[in-house]
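Novice:
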Amino acid sequence: MTEKYLTVTALTKYIKRKMDMDPHLRNIWLKGEISNFKLHSRGHMYLTIKDDGARINAVMFAGNNRSLKFKPEDGMKVLIRGEISVFEATGQYQLYIQQMEPDGIGSLYLAFEQLKEKLRKQGYFDQQYKKSIPQMPNHIGVITSPTGAAVRDIITTIKRRYPVVQVTVLPVLVQGMNAASSISKAIKKANEMELFDCIILGRGGGSIEELWGFNEEVVAEAIFKSKIPIISAVGHETDTTISDYVADLRAPTPTGAAELAVPSQYELLGKILKMKQSLNSLISITIKHHRGNLERMSNAYAFRYPEQLIRQKEQELDKAKERMDRAFQLIVHTSSQRLSNGKTRLLTQHPKRRLDIATKTLQQLVKQNNQLMKQYVEMQSIQLNRSMDKLTLLNPLEIMKRGFAIPYTQAGNIIKTSTQIKQKDHIRINFHDGIVNCEVLDIKEINDG
Amino acid sequence: MDKYKELTFEEAMEKLEEIIGKLEEGDVPLEKAISYYQDGMVLSKICGDKLNHIQEKMVQIMNEQGELVPFDIQEDEKQ
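First to last, the sequence lines map onto chains A and B. Each residue of the first sequence is one higher than the last, beginning at 6 in this note's numbering. Each residue of the second sequence is one higher than the last, beginning at 67 in this note's numbering.
#1: Given this structure, state the Cα-to-Cα distance separating residue 156(A) from residue 147(A), to the nearest angstrom.
#2: Any idea which residues DSSP pairs residue 34(A) with across the strands?
#3: Starting from the C-beta of residue 22(A), find all residues in its chain whose C-beta is less than 6 Å away, skip the five residues before and the five after it, and write them out in chain order.
#4: Using beta carbons (cut-off 9 Å, strictly below), is residue 157(A) in contact with chain B?
#5: Whose Cβ in chain A lies nearer than 9 Å to the Cβ of residue 110(B)?
#6: Give the DSSP-derived three-state secondary structure of residue 129(B) in the structure shown.
#7: So which residues on chain A does residue 123(B) lean against when the C-beta distance must stay under 8 Å?
#8: Using 8 Å as the cut-off, can you tell me whether the segment 172-186 of chain A makes contact with the segment 127-141 of chain B, which would need three or more C-beta pairs spanning the two stretches below that distance?
#9: Could you name the residues of the same chain whose beta carbon sits closer than 7 Å to that of residue 193(A), not counting the 5 residues immediately before and after it, in chain order?
#10: CB-CB under 6 Å to residue 260(A), same chain, minus the five flanking residues each way: which ones, in chain order?
#11: Rounded to whole angstroms, what is the Cα-Cα separation between residue 281(A) and residue 107(B)?
#12: Got a sec: is the Cβ-Cβ distance from residue 28(A) to anything in chain B below 9 Å?
#13: Run down chain B in chain order and give the residues with a C-beta less than 9 Å from the C-beta of residue 295(A).
#14: Closest Cβ-Cβ distance between residue 144(B) and chain A: below 9 Å?
#15: Roughly how many angstroms separate the alpha carbons of residue 117(A) and residue 223(A), rounded to a whole number?
#16: Under 7 Å Cβ-Cβ, which residues of chain A neighbour residue 103(B)?
#17: Can you give me the C-alpha to C-alpha distance between residue 284(A) and residue 294(A), rounded to a whole angstrom?
#18: Against chain A, does residue 116(B) count as a neighbour if the rule is that its beta carbon must be under 9 Å from one of theirs?
#19: If we ignore side chains and look at the alpha-carbon of each, how far apart do residue 73(A) and residue 264(A) end up?
#20: Could you check whether the Cβ of residue 196(A) sits closer than 9 Å to any Cβ belonging to chain B?
#21: Once DSSP output is grouped into helix, strand and coil, what is the label at residue 86(B)?
#22: Would you mind giving the Cβ-Cβ distance between residue 101(B) and residue 82(B), rounded to the nearest angstrom? I have them listed as a contact below 8 Å.
#23: For residue 145(B) and residue 99(A), I'd like the C-alpha separation in whole angstroms.
#24: State the CB to CB distance for the pair residue 188(A) and residue 218(A), rounded to an integer number of angstroms; the pair is presumed to be in contact (CB under 8 Å).
#25: Exposed or buried, what is residue 87(A) when buried is set at 16 or more other beta-carbons lying within 10 Å of its beta-carbon?
#26: Pick helix, strand or coil for residue 66(A), following the three-state DSSP scheme.
#27: In the DSSP assignment, the beta strand (DSSP E) including residue 106(A) goes from what residue to what residue?
#28: Whose C-alpha, out of 230(A), 221(A) and 211(A), is nearest the C-alpha of residue 239(A)?
#29: Nearest by alpha-carbon distance to residue 74(B): which of 112(B), 124(B), 138(B) and 104(B) is it?
#30: Name the chain B residues that come within less than 9 Å of residue 259(A), Cβ to Cβ?
#31: Using 9 Å as the limit for Cβ to Cβ distance, is residue 107(A) near chain B?
#32: I want to know whether the segment 413-427 of chain A touches the segment 129-142 of chain A - three or more CB-CB distances under 8 Å.
#33: Starting from residue 171(A), follow its DSSP beta bridges and name the residues at the other end.
#34: According to DSSP, is residue 92(A) helix, strand or coil?
#35: For the segment 155-222 of chain A, list the beta strand (DSSP E) runs that are entirely contained and at least 3 residues long, ordered along the chain.
#36: Using DSSP with H/G/I as helix, E/B as strand and the rest coil, what is residue 311(A)?
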C-alpha cells in the first residue's frame, strides 16, 4: 500500500525537474517592485518581487549582484532577467536573478553611467584640474533656484559664519527640460562677470529625474571650463550627480557647501586671539633667551677678573721678548761667524799674491825670449853669410869675367839663337866691363843635334 | 604702522601667520624680534577690528535684465 505514497523529497524533485525542463522558465524577463530586500552578510541578496496581484521570492547571488550599478531598495521598480527553479529545502519556487536594473529610470541611469565613464576618460574628474577654494572669499556667486530651501540654507549659513562676504544669486532652473542649459549659461555668465572668487552650484534633494539637469554634459563642460572654483551641492548626501564629480569640491548639502565656502567669523576671531597669544609668548621667550645670553656673557671670567687677563698677557709678553732676544743673538753669532769665514777666504784670494806670481812668470818668459832671440839671430847670420857666398858664385858678372858675353838685338832682347838675327843686322854685345856694337857678317847654322 | 592699513583682512592674516612663523624659527636677533612682535600686535588688532566691525553686505540677485538687485529670501516657499 505504501507504494502509492510519494516522499516529499521525490515530489519536490519531480516538480523541480518539471520546472527546470520548461524553456519559458529558464529565461524570464520580469518587471515588478522590490520588497523585503535583505543583503546577506555573505553577499547574496534576498528579496521579494511583487506587483498589485502577486509576489515571488527571489535571490540574486553575490556573483551576479557584484556588477549592479545601483543599490536595490524596497519600493524600487525593477526590470529583471532570471530563471525560475525550486529550492528543495523549503519547497519554494523562486526567481534566480541574473540581471536587474531600475525600471523607468533605467535608461537615464544608463545614460548617467555612460556619461560618467566618458568624462572620466576625458579627465574631467582628475584631481590635477581641481582648483583650490579660497579660504576667505570676497564675493560668492550662488547658482541655484531663487526659491526653495537650498538658496535659503546657503545664504543664511554664509551670513551666519562670515557676514563680510558679498553674495550674489544667479537664478537658474534646477529641474525640467531647460535646467541644463540654464545652469551652464549661468556658469559661463558668472565667469564673464569677473566678480566672484567662488561659486556654489546646487539644489535641494529630489528624484533622479529632478536632479537630471546636473547630469548633463553641457553642465559638466561648463563646470570643467570655469576659471572660478565651484563647490557643488546637489541634492542630499546620497544623491551624486555628474556635477558633483566635475566640481572642484563636493558638498553633501547646500548648507555644507556654504560651510565649505566661507570660514567662520568666530573661528577666525579665535585664531587671531591664539596668534596674539603665541606672539606674546614668543617675544617673552626671545627676550628671556637674549637676557640669558647677556647674563652668561657678563658673568664670564674675563669680565670678572680683567687684571688676571692682563697679568697673563704680561707674562706672555715677557716670554715672547726672551724668545726674541735669544733668536736675535743666535742670528748675530752665526752672521759674525760667516763674516770671518768670508774674510779668510777673501785673503787667500788677495791680488798681490797673484801679481807676484805673474811677475815671476813674466821674468821667466822674458829671459826665455831673449835666449831664443839670440839663438835665432845667430842662426840667421850664419845662414846669411852662406847665402851671400852662393849669391857671389851665381852673379852673372862673375861668370862674364870668366869670358862670357851677352848679345842683344837692336831692340834690346837677348839673342838666344842664330835664327833671331839676319845678315847686316846690328847687334850689341855686353861684356862685364863694356858694350860692343857689331854688324852681322855671316850666319852659319850648326846642326850638332 | 600705517604700512598695514591698506591690507585686506586675508593679507593681514597671512602676514600675521608669517610673522609668527619667523618668531617660531628662533634665533631671531633681538631688535628684529621686537619689531616682528610690534608688527604682529598691530596686525592682530587690524584683523580683529576688521572682523568685529564687519559691515554685513547685502545679498543681491541678478534679475532678468542682468542687473544686480537686492535679494530677499522667501522664507515661506519650499521646493
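Here a beta-carbon is modelled for each residue, glycine too, at the ideal position from N, C-alpha and C. These numbers come from a predicted model, not from an experiment.
Specialist: Let me spell this out:
#1: Put simply, the backbone Cα of residue 156(A) is about 8 Å away from that of residue 147(A).
#2: 86(A)
#3: none
#4: Taking Cβ atoms only, chain B reaches closer than 9 Å to residue 157(A), which makes this a yes.
#5: Here the neighbours are 277, 278, 280, 281 and 284.
#6: In the structure shown, residue 129(B) sits in coil (DSSP, three-state: anything other than H, G, I, E or B).
#7: 168, 169, 170, 171 and 172
#8: At 8 Å Cβ cutoff, the stretches touch.
#9: 227
#10: Closer than 6 Å at Cβ, skipping near neighbours: 158 and 162.
#11: 7 Å
#12: Taking Cβ atoms only, chain B never reaches closer than 9 Å to residue 28(A), which makes this a no.
#13: 95, 96 and 99
#14: For residue 144(B), the pLDDT reaches just 42, beneath the cut-off of 50, and the residue's location in the model is therefore unreliable, although a value from the coordinates is still provided. Chain A, which has a Cβ nearer than 9 Å to the Cβ of residue 144(B), makes this yes.
#15: 13 Å
#16: 284 and 288
#17: 15 Å
#18: yes
#19: 34 Å
#20: no
#21: Residue 86(B): helix per DSSP, three-state reduction.
#22: Their Cβ separation, rounded to whole angstroms, is 14 Å, which puts residue 101(B) and residue 82(B) out of contact at 8 Å.
#23: Any reading at residue 145(B) must be qualified, since the residue scores a pLDDT of 39, below 50, and its modelled position is unreliable; the value itself is stated next. One C-alpha to the other measures close to 42 Å.
#24: 6 Å
#25: buried
#26: coil
#27: Membership of residue 106(A) in the beta strand (DSSP E) is indicated by the continuous run 97-107.
#28: 211(A)
#29: 112(B)
#30: Within 9 Å Cβ-Cβ: nothing; residue 259(A) doesn't reach chain B, min ~11 Å.
#31: No, residue 107(A) does not count as interfacial toward chain B.
#32: no
#33: Answer is 144(A), bridged to residue 171(A).
#34: strand
#35: Runs of beta strand (DSSP E) with 3 or more residues, each lying fully within the segment 155-222 of chain A, are found at 171-176 and 203-208, listed in chain order.
#36: In this structure, residue 311(A) counts as helix in the three-state DSSP scheme.
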